[in-house]
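Numbering (this note's numbering), first residue to last: 19 to 377. All residues carry an ideal CB built from backbone N, CA and C; glycine is no exception. Accompanying notes for the structure given below.
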């Protein structure tokens, strides 16, 4: 499993981010992009002005998506013709008004979201689930990280352990992930940690997702800065109580037994084709891998020598440790679980790749 921050580093960064984030709701006619295309100015109802720092990648993608400006074109004019970039979006902000949420961190504009976006933040999530995790005396935080769009926490619980086959033990764990910037749902997913190679497989079918959709923000005439309120805190407390229950439900022998049974079945499902590059090629097309990731999986599959569905799963999760990008590594861990859960027709397409290619 790809490592990241220690639990101490994670806690410090959560606290720092919680102290420096600011959120605003405004009619887009109260927003102006500066002439250099680098910042957003918000005119608050109090008469005050807030000028953000640089525009983050997610913010730029979201404002382009909002106004249906092709991302490649937007990035080109931002870099080569910044005044045109600013004028383009200032025109849309004024002529197609909408109430939007602007999220900032360290002064940097990081998200451009609907005013219906529900803030379920990393700090509050950690406050809710970490006590439950830490109450397990043998729990290990194997990995945690903040990416451009998501927060990840991966933990393993050695007390709950089984063997997929003799000499191949696995332990139950979980992955908690969240996006504060519209990058997907808050998720709690089981993680199966394989001790032979220290790879992790995420079993998405056994987890829970909570989407960031809430009530529309109050219809005030002016722009304003958002703060926590009592109603939101009560709603969030109820939600996080459910998340804690999900954590408890994941960390059981029953959950691991269900997943391990699927893995054991996969050990009997052979790769029929002798054209292993074709097998990996079909897998890469099905799951959308780059050339370098595809070649890495091929190498792991050949070196592992296990030409079964289980062997392919292990090759994919092994490649996750070689990826530079944490998001890509986590996606590969989830794809290992996807391979185990593939429908029979999809698995045959992979396992018989040579036969189908020659037909």
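Query - Unbroken alpha helix (DSSP H) run spanning residue 303, endpoints - result: In this chain, the alpha helix (DSSP H) harbouring residue 303 covers 294–305.
Query raised in the report: With respect to the alpha helix (DSSP H) encompassing residue 357, which residues constitute its N-terminal and C-terminal limits?
Result: Counted as a single uninterrupted DSSP element, the alpha helix (DSSP H) harbouring residue 357 occupies residues 344–359.
Query raised in the report: Of the residues 22, 27 and 92, which one's Cα is nearest the Cα of residue 56?
Result: Proximity to residue 56 across 22, 27 and 92 peaks at 92, based on C-alpha coordinates.
Query raised in the report: What's the C-alpha gap between residue 274 and residue 355?
Result: Take the alpha-carbon of residue 274 and the one of residue 355: they are about 13 angstroms apart.
Requested in this report: List the endpoints of the continuous beta strand (DSSP E) containing residue 178.
Outcome: Looking at the DSSP string, the run of the beta strand (DSSP E) that includes residue 178 is 169–183.
Report task. Evaluate the contact criterion for the stretch 115–129 versus the stretch 58–71: three or more CB pairs, one atom per stretch, below 8 angstroms. Result -> Counting C-beta pairs with one atom in each stretch, the stretch 115–129 and the stretch 58–71 have three or more that are closer than 8 angstroms, which means they touch.
Query raised in the report: So residue 122 is in the beta strand (DSSP E); what residue range does that whole segment cover?
Result: 117–123 is the extent of the beta strand (DSSP E) around residue 122.
Query raised in the report: DSSP on residue 186, reduced to helix/strand/coil?
Result: Residue state, collapsed to three classes: strand.
Report task. Give a yes or no on whether the C-beta atoms belonging to residue 195 and residue 171 are separated by under 9 angstroms. Result -> Yes.
Query raised in the report: Would you report the Cα separation of residue 198 and residue 221, rounded to the nearest angstrom?
Result: So the two alpha carbons sit approximately 23 angstroms from each other.
Query raised in the report: For residue 311, which three-state DSSP category applies?
Result: DSSP places residue 311 in helix when its eight states are reduced to three.
Requested in this report: Write down the C-beta distance between residue 76 and residue 178 rounded to the nearest angstrom, noting that I regard them as a contact closer than 8 angstroms.
Outcome: Their Cβ separation, rounded to whole angstroms, is 36 angstroms, which puts residue 76 and residue 178 out of contact at 8 angstroms.
Report task. Report the option in 81, 116, 169 and 98 whose CA atom is closest to the CA atom of residue 31. Result -> Sorting 81, 116, 169 and 98 by C-alpha distance to the C-alpha of residue 31 places 169 at the top.
Query raised in the report: With residue 115 and residue 45 assumed to form a contact (beta carbons below 8 angstroms), what rounded beta-carbon distance in angstroms separates them?
Result: About 6 angstroms separates the beta carbon of residue 115 from that of residue 45, a gap short enough to meet the 8 angstroms contact definition.
Requested in this report: Over the uninterrupted alpha helix (DSSP H) stretch that includes residue 273, give me the two end residues.
Outcome: 271–285 is the extent of the alpha helix (DSSP H) around residue 273.
Requested in this report: Going by CA-CA distance only, name the one from 104, 160 and 299 that's closest to residue 10.
Outcome: With the chain covering 19 to 377 only, the question about residue 10 has no answer from this structure.
**Report entry** Member of 253, 276, 255 and 256 whose CA lies at the smallest distance from the CA of residue 225
**Finding:** For residue 225, the nearest C-alpha among the options comes from 276.
Report task. Determine the closest residue to residue 281 out of 294, 211, 341 and 33, with distance taken between C-alpha atoms. Result -> Among 294, 211, 341 and 33, the Cα nearest to that of residue 281 belongs to 211.
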